[in-house]
Amino acid sequence: MKRVFIAAFLLLTMNSLQAQISPRVFGLRLSGNGSVSGAEISMQQELGMRSRMELDAGYRGNENVKRIYTTGMYHWYRNIHGGLYWFAGPGGSIGMYNDYKKGYYFNVALGTQIGVEYNLSELSVPLLLSFDVRGLYDFMGDDPGMGWGYALGIRYTLDW
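Everything in the sequence shown is counted per my numbering, starting at 44 for the first residue and increasing by one.
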């Protein structure tokens with residue numbers, strides 16, 4: 044009986060720790076993948092106790108290619124310790140890019156994202172810092188195939 048009580052207590056404690064993520068977050072996601080870099084305006088909305096939606100509108104480019112796009116990702120997140128979380132989930136992207144040598148192309152991509160974040164709200168600072176890796180398979184355009192990118196995020200948390 045004692046073990047059942049301890050297990051129930053630990054389960055309830057872990058659930059309450061995982062529920063402390065901010066329900067709404069707005070900010071920037073600064074990304075790159077080698078020679079192409081960019082920035083995204085990012086918004087996250089909590090959907091349930093351990094899930095959320097991330098919507099990003101971005102611009103990436105270098106001297107040869109410019110791209111505008113929007114991305115939607117579904118995240119499952121879990122608490123590691125205190126304000127530190129990990130997250131992962133599927134999503135997709137649509138956009139348009141201009142390759143100066145080949146012209147304009149529309150693209151549609153599906154993929155996944157995985158990362159870690161630290162919610163400073165636990166320290167009474169309304170910021171969320173994150174690092175993630177996103178892989179997307181592009182189905183259209185001049186260069187279809189798998190692409191990877193990483194990003195650093197800084198977002199303002201709204202706890203209402």
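C-beta atoms are modelled at their ideal positions from N, C-alpha and C, and glycine is treated no differently. Being a predicted model, the structure only gives us computed values, none of them experimental.
Inset, instruction - Pull up the DSSP beta-bridge partners for G101, would you. - result: E83, Y112
Inset, instruction - Classify E160 as helix, strand or coil using the three-state DSSP reduction. - result: strand
Inset, instruction - Between the Cα of P187 and those of F149, Y120, R198, spot the shortest distance and give me the residue it belongs to. - result: F149
Legend entry - Exposure label - V12; buried when at least 16 CB within 10 Å: This structure leaves residue 12 out entirely; the chain is present only between 44 and 203.
Inset, instruction - Count the other CB atoms, across all protein chains shown, that sit within 10 Å of the CB of M116; report buried if there are 16 or more and exposed otherwise. - result: buried
Inset, instruction - Determine, using beta-carbon pairs with one atom in the region 112-128 and one in the region 163-171, whether at least three such pairs fall under 8 Å. - result: yes
Inset, instruction - Pick helix, strand or coil for E246, following the three-state DSSP scheme. - result: Residue 246 is absent from the model: the chain starts at 44 and stops at 203.
Inset, instruction - Tell me N122's beta-bridge partners as DSSP assigns them. - result: Y128
Inset, instruction - Using a threshold of 7 Å, state whether the C-beta atoms of G192 and R177 are closer than that. - result: yes
Legend entry - Range of the contiguous beta strand (DSSP E) that encloses M189: 188-201
Legend entry - Rounded separation between A131 and G70 - CA only: 19 Å
Legend entry - Same chain, Cβ closer than 6 Å to L201, neighbours up to 5 away in sequence not counted: R67
Legend entry - Residue from H118, L98, G138, A82 whose Cα sits closest to the Cα of F182: G138
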